[in-house]
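Notes follow the structure.
In my numbering, the protein residues as written are 3 to 106.
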């Protein structure tokens, strides 16, 4: 005689229900600007304020330019600061922002 075990199903369903019903305190924060003058919206979650948009600056805070790398092979082996636009297409700046490497 086969016995069906429903306990794992109910445990998983219960955990999912618990986490999906938890309220997160999110409120709109202030706007912040980068050195290039781009404005970003922020959101407050709990006691922390987070940017709700992707970074689009092409300069460090001290005004030094971040190199734009367009060659994918150079990008893969780069060990200095750099950024690239999504699909190497600057028109996607507003949607995705810039993609920065670890050094930037």
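From the three backbone atoms N, C-alpha and C, an ideal C-beta is built for every residue, glycine too.
#### Entry: Supposed contact pair residue 38 and residue 61 - C-beta distance, whole angstroms, cut 8 Å
That belief holds up - the Cβ atoms of residue 61 and residue 38 are roughly 6 Å apart, short of 8 Å.
### Message
Rounding to the nearest angstrom, what Cα-Cα distance links residue 97 and residue 106 in this structure?
### Response
When rounded, the distance between both Cα atoms is 20 Å.
### Query
Where residue 86 and residue 56 are concerned, what is the direct C-alpha to C-alpha distance, given to the nearest angstrom?
Their Cα atoms are separated by approximately 13 Å.
### Message
I'd like to check one pair, residue 102 with residue 68: are the Cβ atoms closer than 9 Å?
### Response
Contact annotation: residue 68 and residue 102 have beta-carbon atoms nearer than 9 Å.
### Query
Just how far apart, CA to CA, sit residue 36 and residue 65?
For residue 36 and residue 65, the gap between their C-alpha atoms comes out near 10 Å.
### Task
Alpha carbon to alpha carbon, how far is residue 71 from residue 54? Give it in angstroms, no decimals.
Near 25 Å, if we compare the C-alpha coordinates of residue 71 and residue 54.
### Query
When the distance is taken between beta carbons, is residue 44 closer than 9 Å to residue 100?
The answer is no: Cβ separation not under 9 Å.
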